[in-house]
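S.K.: If you're matching positions, the sequence shown starts at 666 in the numbering used here and goes up one per residue. Glycine included, every Cβ here is placed at the ideal spot set by N, Cα and C. On a predicted model such as this, the values are computed, not experimentally measured, just so you know. Here's a structure for you.
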Amino acid sequence: MTVRLRLSALLTALVVVAVGCQHAEAPAPAISGDIDKGNPTTTEPAAVQISTDTPTPEPLSPERQARLNAALAAIPAGCEILSDKSCLLPFPSDVHTVVDDSTGTHKRINLPSGQLVNVDGVPLDPTAWNLNDGWSPSTPILAFVPGLDPSKTALPSEGDIGFSVTEESATVIVDLTTGQLVPHWAEMDSRATSDAERLLILRPATSLIETHQFAVAFRHLIGTNGAPLPAPITFQAIRDNNATGNARVEARQRDFNLVFPKLATAGVAREGLYLAWTFTVASPQSLAGRVLSMRDDAFGKVSGTAPVFTVTETQTDDLQPGIAKVVRGTFEVPLYLTGDGGPGSRMTFSPLNGQPISTGTTTANFTCSLPVKGIKEGNSVPVVYGHGLLGSADEAASSQVQHTAAANNSVYCATDIVGMAEGDTANAAAALADINLFPSIPDRLQQAMLNTLFLGRLLTNVDGLGSAQQFQTTGGANMLNNAQAYYDGNSQGAIFGGAVTAVSNQWTKAVLGVGGMNYSTLLDRSVDFNRFLPVLTGAYPDPIDQQLIFGVLQMLWDRGETSGYVQHLTDRAYDRTPKHQVLMTVAFGDHQVATITADNIARTLKLPIYEPTLPKKTEPMQGVTTSQNDFFYNLGPIRKFPLDGSALYYWYQGTLAPPLGNITPEMSAAYQAQCQGAAAETERQCEDPHEMPRRQPQVIAQKKAFFQDEGVITNVCKDKPCLGKPRSEFDY
């Protein structure tokens, strides 16, 4: 009771701080794209020839048979037999799937009941998860390895991702569909307080190709006594093909005897493996099918017209120089959620085809900043803006956005990213105390994607905002250049922005500022999560459960952030969707959004990175000796300017390098040593650079050149590292 009362009080405090089926059936969603090119190939030499033969079954000794029987007795039916630490370990595993030939993977998730129980005794209800046909393309890969000494084991780090695709790496991820090794890094859970609850975490350095099956293998693991770690007895029996007389082991032997030869072909020998297992990544239909169906159905309802809208307020005071007014209003969007679509609402589905079905309309809000130049001369560039974490549409009226709008003669408009807007704070906190509430967040985020696309239509249709008196020039003409809209988002607005851009039929160019993808990687590394972490740890005190929860939540979160759509963000567009170009700008040492996840986007899409990326002699990560080339693994340079395409830019203000592991920069040893007391506010290396790039005059100018009909990426840093002034030196 005490814990429940504390959780209730904490949820309340967080909120204070953070401030029917009457429509026609939706058409089949548009799913395709050349996704098999989603991962970059490695440049490693071909694997040496390794035997693919299956060992002749040999019986176990009585002692080993007894150990095996005892180990199996400790693992409940329906659980993976490779670990007795949790039914869900190792994670993710195809053992928790069933055959379903109606899906894109011919599988469906089958998470067992009774798992991830919170302090109130409420377990995970896997119903929403078991609709998926595979695991997240950005999934964390989790295993418990008792007795492991990571300092003596050849684990690849964030600072040397290329090591993971060499023969020396102790951890291996193999794409069983292509036979390629997958670049990744490994880390021990830095949040756990003891080795008895510390997981080994593998994080793919690129999005795992949709519908492909992957194998994970551990080899050459060294224990704290300096000797090789023996494999778990259950896996030993599987690996060695022992005759055990146990149906559970024999079933897994049949599975693995198909996998081991594929591992051998990839250069991973069966003999001596500590552990191995497989998982299958979800299909594009499972990841993106819902929102694509919503998009096609909703735009079919408005046809070639603009959504119905109303201007509710015009603000003409307290504005940045060059801004004429801020206009607020509402617009109508088909609703695909229960009730009024508010926080906690869930998606509604057609009983005929399982796709989202409209239940009526919802009223979305908008806030727009209008430049003086546009009011005088017209031809303003329409930009849809994506706001930050748990923010609101009014970020489009912030001083920084107003400054950009005035400088570039752009009309910046935003709508609430419902699901992760200010009004969702209480629901987000509650979902961390009971993860059964979480599905409402990605459901609402998909509605937010549709709302954002409708805002784009309002900015480009002649009957949209430009038809209102507030959006007209002094001569009475439409101030907007309706040729096309553009997207500009920062932080959450960029993490969400990659997703909405991938499905956008309203713009083809987007700037994604200080963003990334994959909340299961981002949360532990972000200072923003600090205020929510006590809710999660209070409700789920076991660190193993906490990491599993991040992986489980990501399976649904994919539908509301870049992770679920990245393979189709640029050239491999969905059907009935244009190709897109993206300009990514990140801040080195960002305290809120780990830039390595932006690198993962660039690696997936084979985007070039601007070079020189960082000043010479800049340490790419704390505590590593690798070069910048090793850190920015498989990211090629921009070859020529101006660039008609997409790219990744790093901006540097002198902030400390990011630390290794799943901790925030402020938890790092370097920050603790250099940034105590007043230094945290006054020393440049201590200042969070998160809001720095968007304020740089060069970034604003680069957006102006990019946001044109034939816009390009320009060389604003003049072949030198992009050095930025910190946020504290700007008055906007």
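1) Express the C-alpha separation of residue 1239 and residue 1151 in angstroms, rounding to a whole number.
2) By DSSP's criteria, residue 1248 is part of a beta bridge. Which residues make up the other side?
3) Classify residue 1336 as helix, strand or coil using the three-state DSSP reduction.
4) Taking only three categories from DSSP, how would you classify residue 1351?
5) Under three-state DSSP, which class holds residue 939?
6) Nearest to residue 1189 by alpha carbon, out of 776, 745, 852, 795?
7) What does a CB cutoff of less than 7 Å around residue 1379 pick up in its chain, not counting 5 residues either side in sequence?
8) Among the residues of its own chain, which have a CB less than 7 Å from the CB of residue 715, if the five just before and after it don't count?
9) Count Cβ pairs between the region 799 to 814 and the region 1212 to 1221 that sit closer than 8 Å; are there 3 or more?
10) Residue 1259 lies in the alpha helix (DSSP H); which residues open and close that run?
11) Within 10 Å of its beta-carbon, does residue 1285 have 16 or more other beta-carbons around it, so buried, or fewer, so exposed?
12) Does DSSP put residue 1108 in a helix, a strand or coil?
13) Let me confirm a value: residue 919 is counted as buried when at least 16 other C-beta atoms fall within 10 Å, else exposed. Which label applies?
14) Answer with buried or exposed for residue 1134, where buried requires no fewer than 16 other C-beta atoms within 10 angstroms of its C-beta.
15) Three or more C-beta pairs under 8 Å: does that hold for the region 1152 to 1172 against the region 1044 to 1057?
16) In the DSSP output, what is residue 976 paired with across the bridge?
17) Going straight from the alpha carbon of residue 1164 to that of residue 1394, what length do you get?
18) Cα separation between residue 1080 and residue 1129?
19) Determine the burial state of residue 1116: buried for a count of at least 16 other Cβ atoms within 10 Å of its Cβ, exposed for fewer.
20) Please report the residue range of the alpha helix (DSSP H) in which residue 1065 lies.
21) From the DSSP output, which residues share a beta bridge with residue 1304?
22) Taking the alpha-carbon positions, what's the residue 639 to residue 776 distance?
23) Is the number of C-beta pairs between the region 766 to 773 and the region 944 to 951 that are closer than 8 Å three or more?
24) With C-beta atoms as the reference, is residue 996 less than 8 Å away from residue 1029?
25) Go through the region 1116 to 1181 residue by residue and report every complete run of the alpha helix (DSSP H) that reaches 4 residues or more, in order.
26) Could you give the first and the last residue of the continuous beta strand (DSSP E) run that contains residue 853?
27) Since residue 1192 contacts residue 1257 with CB under 8 Å, what's their CB separation in whole angstroms?
28) Take residue 866 and list the residues in its own chain whose beta-carbon comes closer than 8 Å to its own, dropping the five residues that flank it on each side.
29) What are the start and end residues of the beta strand (DSSP E) that includes residue 878?
30) Taking C-alpha atoms, which residue in 1281, 1068, 1234 lies nearest to residue 1365?
31) Looking at the ligand FAD, does it come within less than 7 Å of residue 1047, judged from the CB to the closest heavy atom?
32) Name, in chain order, the residues that DSSP records as bridge partners for residue 966.
33) Suppose the cutoff is 7 Å on Cβ atoms and the five residues either side in sequence are ignored; what does the same chain contact list for residue 1065 look like?
34) If distances are taken between C-alpha atoms only, which option among 969, 904, 939, 1014 comes closest to residue 955?
35) Which residue comes first and which comes last in the beta strand (DSSP E) that contains residue 727?
36) For residue 1383, does the three-state DSSP call read helix, strand or coil?
M.R.: Straight from the coordinates:
1) Going from the Cα of residue 1151 to the Cα of residue 1239 covers about 19 Å.
2) For residue 1248, which the question treats as bridged, DSSP gives the partners 1176, 1312.
3) DSSP, read as helix, strand or coil, puts residue 1336 in helix.
4) If DSSP states are grouped into helix, strand and coil, residue 1351 belongs with the helices.
5) Strand at residue 939.
6) Here the closest residue by C-alpha is 852.
7) Cβ neighbours of residue 1379 within its own chain (closer than 7 Å, five residues either side excluded): 1306, 1307, 1367, 1370.
8) Excluding positions up to five away in sequence, the list reads 929, 932, 934.
9) They touch, by the three-pair rule.
10) For residue 1259, there is no enclosing alpha helix (DSSP H), as DSSP marks it with neither H nor E.
11) Residue environment for residue 1285: buried (at least 16 other C-beta atoms within 10 angstroms of its C-beta).
12) Residue state, collapsed to three classes: helix.
13) Its Cβ having fewer than 16 others within 10 Å, residue 919 is exposed.
14) Exposed, because fewer than 16 other Cβ atoms sit within 10 Å of the Cβ of residue 1134.
15) Result yes; three or more Cβ-Cβ pairs closer than 8 Å.
16) Note: residue 976 sits in a beta bridge opposite 994.
17) If I take the Cα positions, the gap works out to 32 Å.
18) For residue 1080 and residue 1129, the distance between alpha carbons rounds to 15 Å.
19) Flag for residue 1116 reads buried.
20) DSSP places residue 1065 in the uninterrupted alpha helix (DSSP H) bounded by 1064 to 1073.
21) Under DSSP, residue 1304 forms no beta bridge with any residue.
22) Because residue 639 is not part of the residues shown, which for the chain are 666 to 1397, the question remains open.
23) At 8 Å Cβ cutoff, the stretches touch.
24) Cβ atoms of residue 996 and residue 1029: closer than 8 Å.
25) Correct list: 1157 to 1167.
26) Bounds of the beta strand (DSSP E) holding residue 853 are 849 to 853.
27) Rounded to whole angstroms, the Cβ separation of residue 1192 and residue 1257 is 6 Å, and the two are in contact under 8 Å.
28) Once the five neighbours on either side are set aside, the close Cβ partners of residue 866 are 805, 806, 807, 851, 852, 853, 854, 1212, 1327.
29) Its beta strand (DSSP E) spans residues 878 to 884.
30) Of 1281, 1068, 1234, the residue nearest in Cα terms is 1068.
31) This structure lacks the ligand FAD; in fact it carries no ligand of any kind.
32) DSSP lists no bridge partner for residue 966.
33) Closer than 7 Å at Cβ, skipping near neighbours: 1359, 1360, 1397.
34) Looking only at 969, 904, 939, 1014, the smallest Cα-Cα distance to residue 955 is reached by 1014.
35) Careful: residue 727 lies outside any beta strand (DSSP E), inside the alpha helix (DSSP H) at 727 to 738.
36) DSSP places residue 1383 in coil when its eight states are reduced to three.
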